[in-house]
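Just so you know, the protein sequences line up as chains A and Z, in that order. Note that numbering that gives the first Met the number 0 gives residue 135 to position 136 of the first sequence, counting from 1, and the numbers run on in steps of one. Note that numbering that gives the first Met the number 0 gives residue 151 to position 152 of the second sequence, counting from 1, and the numbers run on in steps of one. Structure first, then comments.
Protein chains: 2
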Amino acid sequence: MTADTPPPVPSRAAVMDDVAALAGVSAMTVSRVLNTPEKVRAQTRARVLAAMRELDYRPNSAARMLVTGRSGVLGVVSFDTTLYGPASTLYGIEQAARAADYTVSIASLSALTRAAIEDGVDRLRAQSVEGAIVLAPHRSAAAGLRGLPPDFPVVVVGAGDDLPVPVAAVDNRAGGVRVTRHLLSLGHRTVWHIAGPADWIDASERVVGWRSVLEAEGRPVPVPLQSSDWSPRSGYELGRRLAADPAVTAVFAANDPMALGLLRALREAGRRVPEDVSVAGFDDVPESPYFAPPLTSVRQPFGEVGRHAVRLLLERMADPLADGARNRPPLTVEPELVVRESTAAPPVS
Amino acid sequence: MTADTPPPVPSRAAVMDDVAALAGVSAMTVSRVLNTPEKVRAQTRARVLAAMRELDYRPNSAARMLVTGRSGVLGVVSFDTTLYGPASTLYGIEQAARAADYTVSIASLSALTRAAIEDGVDRLRAQSVEGAIVLAPHRSAAAGLRGLPPDFPVVVVGAGDDLPVPVAAVDNRAGGVRVTRHLLSLGHRTVWHIAGPADWIDASERVVGWRSVLEAEGRPVPVPLQSSDWSPRSGYELGRRLAADPAVTAVFAANDPMALGLLRALREAGRRVPEDVSVAGFDDVPESPYFAPPLTSVRQPFGEVGRHAVRLLLERMADPLADGARNRPPLTVEPELVVRESTAAPPVS
DNA sequence: CGGTGAAATGTTAGCGCTAACAAGAGCTAA
DNA sequence: TTAGCTCTTGTTAGCGCTAACATTTCACCG
């Protein structure tokens with residue numbers, strides 16, 4: 000039997016000179032095979048590649064980085080990658096980065112403060128990432144971002160306008176508009192709102208969309224109930240207040256988990272959904288079609304946002320100081336209303 | 000007013016020699032301030048630190064890595080970071096890595112095959128990570144892991160035993176045992192099971208736990224229904240089959256999203272939970288207390304698993320070829336049964 | 001058949017840092 | 001006083017790679 004076991008563990012990893020020696024060329028030629036293969040004669044290239052394979056050669060990224068100044072790594076600064084939105088966006092970012100031959104490093108934040116965000120970016124910079132995407136659609140992000148040196152390429156996901164960096168976002172306002180219009184079109188007099196935390200930009204954009212429709216239609220505008228986090232528990236607790244009010248016939252919750260909490264509160268109060276009260280959410284998490292009842296929601300194309308963010312970042316890296324890029328309008332994608340059974344016409348009173 | 004604005008953008012970033020010159024010392028002393036500060040006289044150290052601050056000096060990680068061979072980066076190979084389990088574990092890993100002064104790079108897999116896993120690890124290795132955590136409790140992981148060079152430190156999360164690498168895991172079998180015992184103790188004659196995908200190790204461990212209790216108690220062992228993914232949709236579709244069978248009074252679903260789908264299937268079939276059928280899940284996602292009804296589930300301490308994985312990896316990196324570490328028994332943590340309203344005594348027939 | 005230019009390959013230097021050793025300063029003890 | 005120590009700082013070399021320039025090779029043409 001011919002042995003195809005690898006050679007008995009070389010004492011140290013092969014470097015470029017080893018490959019060059021084995022292939023009978025100079026190190027520079029090996030380097031060219033890696034970086035500009037078309038500039039090497041096919042026959043030489045083949046010999047070099049064979050030598051690489053034989054030695055299981057792996058280019059040393061540190062050495063390459065040292066001389067080129069490029070690391071091939073993008074950074075992502077994120078608050079809570081456990082939430083569906085950030086997790087999905089991160090996934091989209093990773094896919095897009097890989098397609099562009101970049102690796103992704105992450106830095107989670109333990110708090111949403113200016114200092115924490117600056118620290119997160121600094122940790123990534125210390126690892127020589129070539130640029131970073133900030134995934135913290137939060138007011139504090141804006142502050143943290145302003146503190147950054149202008150020559151370090153940063154893109155932010157989901158934050159409002161008037162930031163000194165490019166923005167990729169979902170059009171939350173349009174989403175808020177769509178749900179609210181949908182509920183009004185079913186015949187509801189007005190729509191109540193359980194808002195996300197006030198300092199999250201997504202949350203306030205959704206409020207703006209919701210309010211604008213009510214105002215445009217001349218409907219009463221109830222005071223939105225403000226949650227402190229995005230959790231189902233918040234939705235439940237705020238929902239109990241709404242459930243107790245017989246005037247409430249339609250509620251727009253700022254995300255699906257809160258809508259779930261609201262559904263429970265309504266159920267416990269003996270109010271049926273959608274017969275007595277219509278409920279709509281936001282995010283369209285994979286679970287919402289299976290809620291009781293299946294939830295009308297606004298689907299966010301998180302993956303696409305992630306891809307856009309990477310595109311913007313690569314653009315920016317190519318031309319770090321382009322003011323054109325800096326003042327580029329946010330690259331937004333439209334969310335889509337998904338109507339399910341949790342919304343219907345109001346009860347005839 | 001004294002200007003505290005930073006100097007007008009230096010033409011190029013400061014390097015160690017710049018700091019040394021400004022502080023009036025040699026580059027080596029600057030290096031020592033960074034790496035072994037106690038070996039530098041306090042007064043000198045202060046001067047160097049001041050120079051660093053003044054120049055906004057940032058050590059070049061590539062240069063350091065080139066000479067030390069250490070990158071300060073850990074890799075995580077993961078399949079679907081959108082799922083609650085992997086996302087939470089990743090979060091725990093990142094926290095623990097940060098505490099140990101490491102950054103985390105991620106590589107998502109587009110498929111669960113041996114080749115994909117090897118490719119993921121290779122991508123990370125190409126970035127010179129010092130070690131990697133594989134977050135893919137899947138049979139294919141085992142194959143992929145065997146293909147790795149023995150001197151590259153790898154830890155796997157959640158995979159079964161007899162792997163050539165250290166393992167951090169939740170004791171899924173114990174979890175399965177606990178839910179099943181709980182349901183039997185309520186008076187059910189036996190417990191049906193909606194299993195996760197067969198090639199996921201977690202899934203089959205849960206089956207083993209469930210089956211072992213039924214067998215030990217001499218109860219009939221229904222054929223488990225096999226899902227193809229972990230989605231609520233699978234739970235729903237398989238759940239419809241169970242809902243149609245009046246003999247079914249207790250079901251253990253292998254995760255909470257599938258339990259949610261099952262709840263819907265039962266509801267649609269007019270079977271009440273828990274009066275007619277008891278349902279239990281696994282994971283205890285943040286939403287499950289708000290399901291209809293609130294779901295009995297098994298809480299997995301994902302964060303802790305992540306921390307353990309990092310600890311094992313650091314151990315392994317410190318001593319890559321320690322056979323002791325290699326054959327270490329899996330470091331498992333116990334999941335906890337959380338009883339809510341979806342489980343109760345069977346109907347009196 | 002020498003001249004010419006493009007294509008292929010080689011040589012040199014240096015990216016920024018730290019390991020290893022060298023050397024100076026300040027002190028103790030014989 | 002000076003050998004001999006410790007504490008602190010400096011010097012040298014090189015990690016593995018690629019940019020820039022230098023040289024060789026080779027096909028083609030007049």
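Glycine included, each C-beta is placed from N, C-alpha and C at the ideal position.
Check this for me: beta carbons of residue i and residue j, under 7 Å apart or not?
i         : j         : result
Ser77(Z)  : Leu134(Z) : yes
Asp283(A) : Arg298(A) : yes
Ala158(A) : Val166(A) : yes
Ala264(A) : Gly280(A) : no
Ile92(Z)  : Val309(Z) : yes
Gly130(A) : Met15(A)  : no
Leu311(Z) : Val120(Z) : no
Ser277(Z) : Leu182(Z) : yes
Ala252(A) : Gly234(A) : yes
Met196(Z) : Pro231(Z) : Reading off the sequence shown, one finds Pro at residue 196(Z), where the question assumed Met. In this structure, Pro231(Z) does not lie closer than 7 Å to Pro196(Z) by Cβ.
Val220(Z) : Arg205(Z) : no
Gly186(Z) : Ala343(Z) : no
Ser349(Z) : Thr102(A) : Because chain Z is modelled from 0 through 348, residue 349(Z) falls outside the range shown and cannot be assessed.
Lys38(Z)  : Arg44(Z)  : no
Ala50(Z)  : Leu21(Z)  : yes
Val272(A) : Ser341(A) : yes
Thr80(A)  : Ala86(Z)  : yes
As a quick exercise: from the options, pick the residue whose alpha carbon is nearest that of residue i.
i         : options                                    : result
Thr67(Z)  : Gly119(Z), Gly174(Z), Ser127(Z)            : Ser127(Z)
Arg57(A)  : Val156(A), Tyr235(A), Arg46(A), Val18(A)   : Val18(A)
Glu216(Z) : Val190(Z), Pro329(Z), Tyr235(Z)            : Val190(Z)
Arg97(Z)  : Ala95(A), Ser107(A), Arg113(A), Asp100(A)  : Ser107(A)
Arg52(A)  : Thr112(A), Asp318(A), Leu33(A), Thr81(A)   : Leu33(A)
Ser139(A) : Glu117(A), Pro149(A), Pro219(A)            : Glu117(A)
Ser25(A)  : Pro245(A), Glu37(A), Arg46(A)              : Arg46(A)
Ala249(A) : Asp275(A), Leu82(A), Leu294(A), Ser211(A)  : Asp275(A)
Pro328(Z) : Pro163(Z), Val212(Z), Arg11(Z)             : Pro163(Z)
Leu73(A)  : Ser296(A), Leu123(A), Thr35(A)             : Leu123(A)
Thr112(Z) : Asp150(Z), Tyr90(Z), Pro136(Z), Ser341(Z)  : Pro136(Z)
Gly84(A)  : Arg218(A), Val178(A), Pro285(A), Ala12(A)  : Pro285(A)
Arg266(A) : Arg271(Z), Pro292(Z), Asp201(Z)            : Pro292(Z)
Ser203(A) : Leu213(A), Arg188(A), Gly175(A), Glu214(A) : Gly175(A)
Gly146(A) : Ala173(A), Ala115(A), Ala125(A)            : Ala115(A)
Ala12(Z)  : Asp318(A), Gly23(A), Ala125(A)             : Ala125(A)
Glu314(Z) : Phe151(Z), Arg63(Z), Trp229(Z), Ala243(Z)  : Phe151(Z)
Glu214(A) : Asp198(A), Asp79(A), Thr179(A)             : Thr179(A)
Pro149(A) : Asp201(A), Asp318(A), Ile200(A)            : Asp318(A)
Asp198(A) : Pro288(A), Trp229(A), Met64(A), Arg339(A)  : Trp229(A)
Leu358(Z) : Leu48(Z), Ala86(Z), Val156(Z)              : Outside the shown range of chain Z (0 to 348) lies residue 358(Z), about which nothing can therefore be said.
Ala99(Z)  : Leu48(Z), Val212(Z), Gly71(Z)              : Gly71(Z)
Pro245(A) : Ile193(A), Pro346(A), Asp201(A), Phe290(A) : Pro346(A)
Ser287(A) : Arg339(A), Ile200(A), Glu236(A)            : Arg339(A)
Am I right that residue i and residue j are in contact with their C-beta atoms under 8 Å? What's the rounded C-beta distance?
i         : j         : result
Asn171(A) : Gly208(A) : 7 Å
Leu224(A) : Arg240(A) : 7 Å
Val247(A) : Ser296(A) : About 19 Å; that fails the 8 Å criterion.
Tyr90(Z)  : Gly238(Z) : 30 Å between Cβ atoms; not a contact.
Leu65(A)  : Leu65(Z)  : 6 Å
Arg218(Z) : Arg177(Z) : The Cβ separation is near 16 Å, so there is no contact.
Ala173(A) : Pro334(A) : 7 Å
message = Please identify, using Cβ separations under 8 Å, the residues of the stretch 245-278 of chain Z that lie next to chain A, in order along the chain.
response = Taking 8 Å as the cut-off between beta carbons, the residues of the stretch 245-278 of chain Z near chain A are Pro256, Leu259, Gly260, Leu262, Arg263, Arg266, in sequence order.
- Contact residues within the stretch 94-110 of chain A, judged by C-beta distance below 9 Å to chain Z: Cβ contacts with chain Z come from Gln94, Arg97, Thr102, Val103, Ser104, Ile105, Ala106, Ser107, Ser109.
Members of the stretch 65-88 of chain A near chain Z, C-beta cut-off 8 Å: So the close ones are Leu65, Ser70, Gly71, Val72, Asp79, Thr80, Thr81, Tyr83, Ala86, Ser87.
Residues in the stretch 205-232 of chain Z having any Cβ partner in chain A nearer than 8 Å
The stretch 205-232 of chain Z vs chain A, Cβ under 8 Å: Ser230, Pro231, Arg232.
Notebook entry, point to check: At what residue ranges does the stretch 16-48 of chain A contain a whole run of the beta strand (DSSP E), taking only runs of 3 or more?
Noted result: If only complete runs of 3 or more residues are kept, the stretch 16-48 of chain A shows no beta strand (DSSP E) anywhere.
Item to check | Selection of the stretch 284-308 of chain A by Cβ proximity to chain Z, strictly under 8 Å | outcome: The residues in question are Pro285, Glu286, Pro288, Tyr289, Phe290, Ala291, Pro293.
Item to check | Residues within the stretch 112-133 of chain A neighbouring chain Z, beta-carbon criterion of under 8 Å | outcome: Identification of residues in the stretch 112-133 of chain A having a C-beta nearer than 8 Å to some C-beta of chain Z yields Arg122, Leu123, Arg124, Ala125, Gln126, Ser127, given in sequence order.
- Item | Ordered list of alpha helix (DSSP H) runs contained in the stretch 198-229 of chain A, each at least 4 residues | Correct list: 200-215.
Exercise. Can you list the beta strand (DSSP E) stretches of 3 or more residues lying completely in the stretch 258-335 of chain Z, in chain order?
Worked result: You should have 277-279, 296-298, 330-332.
Which runs of the alpha helix (DSSP H) spanning at least 4 residues fall entirely within the stretch 114-152 of chain Z, listed in chain order? Correct list: 138-145.
Query - Length at least 4, wholly inside the stretch 81-111 of chain A: the alpha helix (DSSP H) runs in chain order - result: With a minimum length of 4 residues, the continuous alpha helix (DSSP H) runs that stay inside the stretch 81-111 of chain A are 83-98.
Review point. Using Cβ-Cβ distances below 9 Å, what residues of the stretch 33-64 of chain Z are close to chain A?
Key: Interface annotation for the stretch 33-64 of chain Z against chain A: Asp55, Arg57, Pro58, Asn59, Ser60, Ala61, Ala62, Arg63, Met64, criterion Cβ-Cβ distance under 9 Å.
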